[in-house]
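Under the UniProt record's numbering, think of the first position of the sequence shown as 1, with each following residue one higher. Data block below; observations after.
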Amino acid sequence: MADICNNHSVKDKVDGDLTEDSQFEEAKKELETWKSKAEKADDMKARLILEKLEEDEIKTKAQQEMMACVKKQDECQEAFTQSMSRVQDEFLKLAKHKQALLEKLRRVQAELDGKRAECTKLRQKFKIYAKIPDTEVKFIACHKETRNGRDGDTQPVRGVFTVSQRAAMLLQGGQALITFEEENVASQILKIAKCSVSCETSILDVKPRRITMDPAVKFEIHLDVSRKELKVSNIPPSMPEERMKDRLEMSFSRPTRGGGEVERVEYDKTTATGHITFLHPGVVQSLALRGRYHVDLDTEVNVQAGPVYNYQLRKFQTFCGCPKRTIMLDDIEDMVDEEDLQDHLEIHFQKPSNSGGEIETLKYIHRGKALQAFFCEDTAEIDN
């Protein structure tokens with residue numbers, strides 16, 4: 001029994017030792033496992049610390065960059081604000097300058113319109129609407145010039161015409177013109193504000209006025225008429241330009257129609273006109289006097305022919321004045337008929353006691369009428 005018990009205890013002891021060894025081995029393995037995990041955890045911790053340091057460095061740099069950007073943004077904002085303020089100030093200045101320019105433009109435009117109106121008025125005033133009557137010219141002599149070996153008959157016909165406008169004024173109804181023989185008489189009458197004229201049983205009050213005449217002009221017209229060139233107009237555009245030139249040259253070269261040898265032909269299709277230059281003078285005069293010429297185109301066409309001339313306006317003068325011996329009587333009432341009233345005026349202004357004198361001419365017209373008075377150097381002429 002004792003042996004059996006000992007065996008059991010030895011066995012139990014051996015089993016216990018084996019169990020302890022096994023547990024020790026397992027504990028050792030588990031320790032190695034935890035050591036390995038700990039090493040890995042340390043490595044991960046070290047890597048995480050390094051990454052954190054790197055991230056912290058990146059964060060610091062990012063913060064620095066952000067602060068720099070914020071500072072730059074503030075500077076840009078301040079610069080933008082200043083620039084915007086300058087632009088707004090400049091804009092306000094430009095707006096004020098624009099408004100000033102617009103005001104100036106309106107003033108200048110108003111002045112320009114006034115000047116244009118005045119210019120138009122002066123143009124109308126200085127325009128001459130008159131028909132020049134036909135004047136017979138007496139041929140006295142012919143003077144021949146020689147220039148560059150060519151006779152003077154190839155030179156243009158030259159003429160100088162002097163146009164002089166007579167001074168005039170419009171005499172309205174209830175007005176009279178008196179021309180005295182002496183200037184001092186007219187001066188004395190003009191000093192009187194109102195003259196009382198005896199007219200049968202009543203007294204007529206008239207007012208002496210100084211005469212203001214419309215401006216008159218005087219100028220010369222220098223005219224050169226070509227002896228060899230002819231202007232042709234009303235040419236129908238029925239063919240090309242070069243062909244038209246050939247037809248014109250052939251037509252104006254025919255002596256049977258009054259033409260002659262042609263030197264040069266010009267043709268303008270847009271204006272339907274032509275310019276014919278003849279080789280010899282003499283042909284143009286007869287064709288220009290005739291005024292018409294037959295030209296062979298697709299059919300026979302009748303065109304207008306006229307002289308070629310150049311003119312210049314020279315020595316243009318404008319003048320206005322006040323007659324020294326002639327005055328106007330205004331505000332005359334029609335108390336009697338025209339002739340009787342004119343006689344009463346003449347009697348009154350002839351008397352020295354009324355500051356009058358010898359009268360050269362006197363003209364009065366009733367109200368409702370108007371006459372144009374023309375003046376020359378010595379007398380006043382009334383044209384109805």
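Built from N, CA and C at the ideal position, the CB exists for glycine as well.
- Counting every other CB atom within 10 Å of its CB across the protein chains shown gives ILE192 a total below 16, marking it as exposed.
- Per DSSP, reduced to three states, the secondary structure at SER36 is helical.
- For LYS228, the enclosing beta strand (DSSP E) starts and ends at 216-233.
- Cβ-Cβ distances below 6 Å link GLN317 to LYS218 in the same chain, with the five nearest sequence neighbours on each side left out; the list follows chain order.
- Sequence-distant partners of VAL308 (beyond 5 residues in either direction) whose C-beta falls short of 6 Å from its own C-beta, in its chain, are SER226, GLU229, LYS231.
- Following the DSSP letters along the chain, one finds GLU249 inside the alpha helix (DSSP H) bounded by residues 241-252.
- Under the three-state reduction of DSSP, ARG116 is assigned to helix.
- Remark: C-beta atoms of ASN234 and ALA272 approach each other more closely than 8 Å.
- Excluding residues up to 5 positions away in sequence, VAL265, TYR267 lie with their Cβ nearer than 7 Å to the Cβ of LYS245 in the same chain.
- Excluding five sequence positions before and after THR179, the CB atoms of its chain that fall closer than 6 Å to its own CB belong to ARG325, THR326, GLU360, THR361, ALA380, given in chain order.
- In this structure, TYR311 is the residue among ALA38, GLU333, ALA27, TYR311 with its C-alpha nearest to the C-alpha of GLU220.
- Taking C-alpha positions only, GLU65 is separated from LYS98 by approximately 47 Å.
- Less than 8 Å divides the Cβ of MET213 from the Cβ of ALA168.
- About 4 Å separates the beta carbons of CYS320 and PRO215, which is inside the 8 Å limit, making them a contact pair.
- Residue pairing by DSSP places LYS98 opposite no residue, since no beta bridge is assigned to it.
- Proximity to SER198 across GLN342, GLN188, SER286, HIS294 peaks at GLN342, based on C-alpha coordinates.
- One Cα belongs to ILE332, the other to THR162, and the distance between them is close to 40 Å.
- Shortest Cα-Cα distance from LEU248 to any of ARG257, THR270, LEU297 involves LEU297.
- In the three-state DSSP reduction, ASP205 falls in the strand class (E or B).
- The beta carbon of SER85 is closer than 7 Å to none in its chain, skipping five residues each way along the sequence.
- When secondary structure is reduced to three states using DSSP, MET67 falls in the helix class.
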